[in-house]
Amino acid sequence: MRATFRNLYDELNVAAFVRNRHEHAVSVLRWALILIPMAAVVGTLCGAFLWSLDAITRLCFAFPWLLYLLPIGGFAVGLLYHLAGRSVEGGNNLIVEQIHEPGGGVPLRMAPLIFFGTVVTHLFGGSAGREGTAVQLGGSLASGFGRALRLDADGTRVLLMGGIAAGFGAVFGTPIAGAVFALEVLAIGRVEYRALVPCLVAALVGDWTCLAWGIHHGIYRIDAVVPVDALLIAKAGIAGVAFGLVGLVFAEANHAVGGWLKRLVPYGPLRPVIGGLAVIALVYLFGTRDYLGLGTLAATHDGLTLFSFFGPDTHPWSWALKLLFTVVTLSAGFKGGEVTPLFFIGAALGNALAPMFGVPTGVFAAIGFVALFAGAANTPLACTFMGIELFGAAYAVPIAVACFVAYLCSGHNGIYLSQRVAVPKVPADGLTLDGTLRDARRHRAARRRARP
11 MRATFRNLYD ELNVAAFVRN RHEHAVSVLR WALILIPMAA VVGTLCGAFL
61 WSLDAITRLC FAFPWLLYLL PIGGFAVGLL YHLAGRSVEG GNNLIVEQIH
111 EPGGGVPLRM APLIFFGTVV THLFGGSAGR EGTAVQLGGS LASGFGRALR
161 LDADGTRVLL MGGIAAGFGA VFGTPIAGAV FALEVLAIGR VEYRALVPCL
211 VAALVGDWTC LAWGIHHGIY RIDAVVPVDA LLIAKAGIAG VAFGLVGLVF
261 AEANHAVGGW LKRLVPYGPL RPVIGGLAVI ALVYLFGTRD YLGLGTLAAT
311 HDGLTLFSFF GPDTHPWSWA LKLLFTVVTL SAGFKGGEVT PLFFIGAALG
361 NALAPMFGVP TGVFAAIGFV ALFAGAANTP LACTFMGIEL FGAAYAVPIA
411 VACFVAYLCS GHNGIYLSQR VAVPKVPADG LTLDGTLRDA RRHRAARRRA
461 RP
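Under the numbering used here, the first residue of the sequence shown is numbered 11, with each subsequent residue one higher.
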């Protein structure tokens with residue numbers, strides 16, 4: 011009997027089991043002591059940023075003449091980055107690059123620079139978003155924590171992903187989507203499950219901290235109720251093609267116009283001046299200010315906002331106008347992000363497509379809201395979770411179908427050129443595994459130039 015128990019003890023290796031569990035518990039406690047304070051600081055800064063953005067946007071609409079200062083504001087931000095921010099001009103792409111290959115880290119100065127630059131953009135009416143600012147705040151602070159704690163390369167990677175999750179989750183109020191976004195945005199076709207729990211913890215803490223400061227996020231309601239049957243799912247899939255193609259157009263237009271401006275105007279601070287003048291010209295050309303700013307507030311009581319597309323009225327070309335205003339703003343070097351404008355464009359496109367498919371506008375606006383972002387950012391899983399967090403689970407299946415179809419139809423393109431291609435969407439010439447979207451884009455450009 012004694013021999014039997016001895017064999018059982020040796021087989022289970024109780025001592026090793028206890029030792030491993032102890033080491034695991036110590037690791038969990040260590041990471042909690044790192045992640046929770048970092049995410050709380052990110053959530054606090056995101057709360058301050060969202061409060062500032064709301065106040066600044068209302069100020070911009072209250073004093074319409076501020077629009078005429080957009081070129082001057084753009085020059086000031088461009089000059090500041092030219093003098094003190096060249097090392098952080100890569101923005102979100104710099105953070106993604108540092109996660110892939112930790113090197114010099116993300117400079118801490120990125121946080122105040124992007125905060126100030128985005129506030130100036132919105133104060134004077136530029137059409138930009140807020141996700142870029144939140145991600146850069148999170149990445150910059152996470153990198154600072156990593157350097158202070160002298161983490162190794164693997165620890166720094168996890169902390170940077172946690173910073174992205176905290177910033178994204180806090181700024182949109184979608185912690186699950188924030189966690190999945192941080193894992194999915196790094197590479198097409200691969201999710202970094204190793205950092206799943208740290209990213210979820212960081213996203214939750216960032217969101218809770220932001221809410222604790224009294225920041226509230228917009229609530230989107232789908233008033234119409236339609237059965238989720240095979241027909242609706244098929245319609246969502248077909249519409250997903252349109253969302254993916256428009257996401258592709260947005261990303262490529264942004265890169266192409268930005269590249270053209272850099273060749274035309276080598277001196278960086280002058281590019282936002284040209285962009286600011288172009289935005290002013292667009293306002294007068296189309297006779298509206300509805301496409302300035304985030305798109306969550308309007309200059310007049312009857313102006314268009316994101317929420318307008320969930321109502322019964324149809325707006326056929328609002329998606330194209332917002333795309334135009336945003337591409338001009340961001341490609342000229344104004345700071346902010348692409349995601350909230352993409353929400354606007356997607357919801358507006360869904361609103362325009364709804365009558366053609368015989369679907370209530372609110373349903374397709376919700377689907378387009380996240381699906382177009384899925385195509386432009388190559389993050390269908392995160393966008394599916396975001397759709398569920400924002401709109402509920404009733405339309406989870408058509409949302410998922412549209413997101414994945416949009417992802418496939420946007421090709422090997424995207425708003426984040428530092429994304430790597432881990433698993434190609436489809437076979438493509440010149441596409442190397444673990445090469446970046448920037449490499450793929452350069453290869454396509456070289457092939458076009460080589461054609462007779």
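Using N, Cα and C, we set each Cβ at its ideal position, and we do this for glycine too.
Bridge-paired residues (DSSP) for residue i
i, result
"T446", "R430"
"A197", "R200 and R430"
Cutoff 7 Å; reference residue i; Cβ partners in own chain excluding five residues on either side
i, result
"I109", "R167, L170, M171 and L196"
"G305", "T315, L316, K332, T350, P351 and F354"
"G51", "A quick correction: the sequence has Val, not Gly, at residue 51. So the list reads L151, once near-sequence residues are dropped."
"V283", "P81, G84 and F85"
"T54", "T219 and W223"
"A384", "P390, C393, C413, A416 and Y417"
"C209", "M171, G172, A175, A189, A192 and L193"
Residue i (DSSP reduced to helix, strand or coil)
i, result
"L77", "helix"
"G254", "helix"
"W61", "helix"
"R231", "coil"
"V236", "coil"
"G188", "helix"
"N388", "coil"
"F71", "helix"
"I225", "coil"
"E348", "coil"
"L18", "Note that L18 scores a pLDDT of 46, beneath 50, so its modelled location is shaky; the value from the coordinates is reported in the next line. Of the three classes helix, strand and coil, the one that applies to L18 here is helix, per DSSP."
"E99", "coil"
"A416", "helix"
"K435", "coil"
"F367", "helix"
"A42", "helix"
"S328", "helix"
"L169", "helix"
"A381", "helix"
"G84", "helix"
"S465", "In this structure the chain extends from 11 to 462, so residue 465 is not present and cannot be described."
"L441", "coil"
Residue i versus residue j: straight-line alpha-carbon distance, rounded
i, j, result
"L93", "R119", "12 Å"
"F125", "T131", "10 Å"
"A49", "A163", "19 Å"
"G179", "S150", "16 Å"
"P326", "G360", "10 Å"
"A249", "G156", "43 Å"
"G57", "A244", "39 Å"
"L259", "V337", "Inspection of the sequence shows that residue 259 is occupied by Val rather than by Leu. Taking the straight line joining both Cα atoms gives about 10 Å."
"A412", "G378", "8 Å"
"L63", "D217", "17 Å"
"V267", "S37", "47 Å"
"V275", "G88", "13 Å"
"Q429", "V106", "7 Å"
"P112", "S153", "10 Å"
"S420", "L447", "12 Å"
"G269", "V181", "29 Å"
"G165", "F73", "47 Å"
"N264", "T339", "9 Å"
"G286", "G127", "14 Å"
"T442", "N423", "14 Å"
"F296", "A138", "18 Å"
"R299", "R281", "22 Å"
Other residues of its chain near residue i: CB distance less than 6 Å, five sequence neighbours each side excluded
i, result
"F395", "I186, A187 and V190"
"T67", "H132, G303 and L307"
"F367", "K245"
"F319", "A357, A358, N361 and A375"
"L18", "Annotation note: pLDDT 46 at L18 (below 50); position unreliable, coordinate value reported separately. Answer for L18: no residue qualifies."
"G247", "V411 and V415"
"C70", "L76, L133 and G135"
"G95", "L123"
Alpha helix (DSSP H) segment containing residue i, residue limits
i, result
"D162", "Run containing D162: none; DSSP gives neither H nor E here."
"N423", "Counting along the chain, N423 falls outside any alpha helix (DSSP H), and DSSP gives it neither H nor E."
"F319", "Segment: none, F319 is in no alpha helix (DSSP H) and carries neither H nor E."
"Y301", "It is not in any alpha helix (DSSP H) - Y301 carries neither H nor E in the DSSP assignment."
"L133", "M120 to L133"
Own chain partners of residue i with C-beta closer than 8 Å, once the 5 adjacent residues on each side are dropped
i, result
"A205", "R167, V168, M171, G172, A192 and L193"
"A406", "T394, G397 and I398"
"V324", "Residue 324 is actually Thr in this sequence, not Val. N361, A362, A364, P365 and T371, listed in sequence order."
"G142", "G101, N102, I124, T128, K345, G346, G347, E348 and V349"
"R140", "F59, L60, L63, T128, V181, L304, G346, G347, V349 and T350"
"T451", "Position check: residue 451 holds Arg in this sequence, whereas Thr was assumed. So the list reads H265, N423 and L427, once near-sequence residues are dropped."
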